[in-house]
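Novice: Got a structure for you, questions after.
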Amino acid sequence: MNIASVIGVLALAAAAFGLEMPGLLQRKRKKEIVVFLGLLLIGTSLYIALVLNAPLPNLLMLIKIRFS
Numbered sequence: 191m192n193i194a195s196v197i198g199v200l201a202l203a204a205a206a207f208g209l210e211m212p213g214l215l216q217r218k219r220k221k222e223i224v225v226f227l228g229l230l231l232i233g234t235s236l237y238i239a240l241v242l243n244a245p246l247p248n249l250l251m252l253i254k255i256r257f258s
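Numbering-wise (our numbering), the sequence shown opens with residue 191 and increments by one.
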């Protein structure tokens, strides 16, 4: 089940990439391309880590440390 979920999310990420990138490249939106790829990579990585039961960091602790 885990491998099927990972393959599924990779297929969805590839589909989103395939649908969005041609338009962004055609309009030469370099900043939007960077943001899109960054968010796609972060979201895909976090979901795969979640499916594989990898320990994920608690971001609330990082915010508390940063602002205290």
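A virtual CB, placed ideally from N, CA and C, is assigned to each residue, including glycine.
The structure displayed is predicted, hence computed values, not measured ones.
Looking only at its own chain, which residues have a Cβ that is under 7 Å from the Cβ of VAL199, when we skip the five neighbours before and after it?
Specialist: Contacts found: THR234, TYR237, ILE238.
Novice: Taking 9 Å as the cut-off, decide whether the C-beta atoms of LEU240 and LEU246 are in contact.
Specialist: Yes, Cβ-Cβ distance for LEU240 and LEU246 is below 9 Å.
Novice: Under three-state DSSP, which class holds SER258?
Specialist: Correct three-state label for SER258: coil.
Novice: Taking the C-alpha atoms as reference points, what is the distance between ALA244 and LEU231?
Specialist: Going from the Cα of ALA244 to the Cα of LEU231 covers about 17 Å.
Novice: When DSSP labels each residue in this structure, what does PRO212 get in the three-state scheme?
Specialist: Looking at PRO212 - three-state DSSP - the assignment turns out to be helix.
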